[in-house]
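**Student:** Take a look at this one; I'll ask things after.
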Amino acid sequence: MNSIERKILEKIEKYLPEIVFVVVTIIGFFMRFQLRTIVSGDAHTCLMPWYHEIADNGLYTQVGDYSMLYQFIIWIMTRFPAIPNLFAFKAFSCLFDYATAIFAALIVARMGIADKRWSSVLTYALILICPTVWVDSAAWAQCDSVYTAFVLLGILCLDKEKYNTAMVALGLAFSFKLHAAFALPVYLFYYFAKRKFSILRFAIIPATMVVTSLPLVFWGRNPFETFVIYSKQTSAWKSMANGYPSIWLTMFGENNELQYEYMAPIAILTTICVLAAFMVCWYRKKCMPSGRNLLIMTFLLIYSSVFLLPAMHERYGFVYEMCAIMLAVVIPKTIPLAVILIVISMGTYASYLFYAPTNYVTMVWLNLFVYLAYIYVLRKEIKSEDTKKEKSSEPK
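Going left to right, the sequence shown walks through residues 24 to 419 as my numbering numbers them.
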């Protein structure tokens, strides 16, 4: 080996994480590019007609059931008619696939792993090539990665104690999708456990939503209409489960619309009780929401919400799946559980998008097993403040 070869190999070795980052970024792009022509049912019946309606009539009235900010994004898309509308929707979502991967990598970098560069690059790569991520954005043309990116940004800012930015980030997540509400319990527990900011800061969240709706004032719209849109969404789907393998499918099966009226309140109260039980347990044991604890708590609270609430759709587990990938990097023994989670989610995606036969009863029990397994594994991984202080005071 001559000196030139040796220097080249030394440079490659030195910057290998950065090289992997670039390679994965390019691969992720081509994976998504291959799916650009797929027209999902949602794109055909909702997104594309909404695009044409906004292009023809503007935003004087509500179009579809998406938020006011997303309607404004669609209007911006119509200003570039040379770009096919389907490609515009997908490109917007795919852009946030990368944002989600980057924010996840930054969160993992704060988890105290010895090699931050490799753990961050690994997290970025796993999320970018995760099937549920590129299918959601590049095939389905959905925008789950958009609100998820802002949710993860909010968690990152909470961990950095940048509370105003964290509230704005969650407000932006809400401005795109109501599903950002799954992250609210995390913020509430952080508030009660750490007591580092006033409850008045939560007002930043709806204020952000109003501000993002202001562009529609040009069309005579009321910026507070965004809250009306979401109130209508909560009553749009009256069934105990809508494609997501939740616990309620074990009781009522796939045809569960008739049970919604009397069972939905019970499901909501059950969810609140489970979330409260987690929080009380952590609070009594002095488990503070910071670092790895914050990631674990975010995962468990959001997973519990989606698993137990009524009317959940296939894609509603998107945020906790991203958290599961981060946990797989931080806590390697959770890798098998993360793999099963992604497989379950892909099964539901395939059932809706490609009409693949799916045994939902089996998937529900598998999902229940994974949920309980995560609780069992992660309960020992959450460290109390007393334990941390004892370890830090031990003589080295």
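Think of the CB as a built atom: it goes at the ideal place given N, C-alpha and C, for glycine as much as any other residue.
Please classify residue 348 as buried or exposed, where buried requires at least 16 neighbouring CB atoms within 10 angstroms.
**Tutor:** Result: buried.
**Student:** Among all the DSSP beta bridges, which residues are the ones paired with residue 264?
**Tutor:** DSSP, once it has assigned bridges, lists 335 as partnering residue 264.
**Student:** Going by C-alpha distance, which of 392, 169 and 270 is nearest residue 363?
**Tutor:** Looking at the Cα atoms, 392 is the closest of the given residues.
**Student:** Leaving out five residues before and five after residue 419 in sequence, what residues of the same chain have Cβ atoms less than 7 Å from its Cβ?
**Tutor:** Low confidence applies to residue 419: its pLDDT is 46, below 50, so where it sits in the model is not reliable, and the reading given next is rough at best. Hits under 7 Å: none found.
**Student:** Please name the residue, chosen from 291, 379, 295 and 90, that lies closest to residue 196 on a Cα-to-Cα basis.
**Tutor:** When each option's Cα is compared against that of residue 196, the closest is 90.
**Student:** Tell me the rounded alpha-carbon separation between residue 5 and residue 241.
**Tutor:** Past the edges of the chain, shown from 24 to 419, lies residue 5, and the structure says nothing about it.
**Student:** Can you give me the Cβ contacts of residue 326 inside the same chain, cut-off strictly under 6 Å, excluding the 5 residues immediately before and after it?
**Tutor:** 343.
**Student:** Helix, strand or coil for residue 138, going by three-state DSSP, please let me know.
**Tutor:** Of the three classes helix, strand and coil, the one that applies to residue 138 here is coil, per DSSP.
**Student:** Can you tell which of 182, 388, 134 and 208 has its C-alpha closest to the C-alpha of residue 354?
**Tutor:** It is 134 whose Cα lies nearest to the Cα of residue 354.
**Student:** Measure the CB-CB distance between residue 318 and residue 350 and report whether it falls below 8 Å.
**Tutor:** Cβ atoms of residue 318 and residue 350: closer than 8 Å.
**Student:** Just to check my reading of the structure: residue 59 and residue 161 have Cβ atoms closer than 8 Å, yes? What is that Cβ distance to the nearest angstrom?
**Tutor:** Right, the Cβ-Cβ distance comes to about 7 Å (below 8 Å), so this counts as a contact.
**Student:** Rounded to whole angstroms, how far is the Cβ of residue 332 from the Cβ of residue 367, which I believe are closer than 8 Å?
**Tutor:** Actually they do not touch by this definition, with Cβ atoms about 17 Å apart.
**Student:** Tell me the rounded alpha-carbon separation between residue 66 and residue 74.
**Tutor:** Cα to Cα, residue 66 sits roughly 10 Å from residue 74.
**Student:** Between 64, 295, 213 and 262, which has its C-alpha nearest residue 284's C-alpha?
**Tutor:** Closest by alpha carbon: 262.
**Student:** What does the Cβ neighbour count give for residue 219, buried or exposed, with the cut at 16 atoms within 10 Å?
**Tutor:** Classification of residue 219: exposed, given that the 10 Å Cβ count is below 16.
**Student:** Quick check on the DSSP output: the alpha helix (DSSP H) that includes residue 256 runs from which residue to which?
**Tutor:** 248-256 is the extent of the alpha helix (DSSP H) around residue 256.
**Student:** Under a three-way DSSP split, which group does residue 314 fall into?
**Tutor:** It is coil, neither helix nor strand.
**Student:** Taking DSSP as the reference, what is the three-state secondary structure of residue 61?
**Tutor:** Here residue 61 sits in coil by DSSP.
**Student:** Please go through the same chain and pick out, in chain order, the residues whose beta-carbon is closer than 7 Å to the beta-carbon of residue 416, but skip the five residues on each side of it.
**Tutor:** Here residue 416 scores only 49 on pLDDT, less than 50, and its place in the model should not be relied on; the value that follows carries that caveat. Result list for residue 416: empty, nothing under 7 Å.
**Student:** Nearest by alpha-carbon distance to residue 82: which of 101, 68 and 69 is it?
**Tutor:** Closest by alpha carbon: 101.
**Student:** Going by alpha carbons, who is nearest to residue 384 out of 268, 297, 93 and 209?
**Tutor:** Selected option, being the one with the closest Cα: 268.
**Student:** Counting pairs of beta carbons, one from the segment 298-318 and one from the segment 229-249, are three or more of them closer than 8 Å?
**Tutor:** Judged by Cβ distances under 8 Å, the segment 298-318 makes no contact with the segment 229-249, as fewer than three pairs qualify.
**Student:** Quick one: using the 10 Å Cβ neighbour count with 16 as the cut-off for buried, is residue 39 buried or exposed?
**Tutor:** Exposed.
**Student:** Let's see if you can read the secondary structure: which residues bound the alpha helix (DSSP H) around residue 67?
**Tutor:** Careful: residue 67 lies outside any alpha helix (DSSP H) and carries neither H nor E.
**Student:** Go ahead and pull the three-state DSSP assignment for residue 88.
**Tutor:** DSSP places residue 88 in coil when its eight states are reduced to three.
**Student:** Nearest-angstrom Cα distance between residue 166 and residue 193?
**Tutor:** Taking the straight line joining both Cα atoms gives about 16 Å.
**Student:** Please classify residue 418: does DSSP put it in a helix, a strand, or coil?
**Tutor:** In this predicted model, residue 418 has a pLDDT of only 49, less than 50, meaning its place in the structure is not dependable; the value taken from the coordinates is given anyway. It is coil, neither helix nor strand.
**Student:** Between residue 125 and residue 147, what straight-line distance do the alpha-carbon atoms span, to the nearest angstrom?
**Tutor:** Approximately 6 Å between the Cα atoms of the pair.
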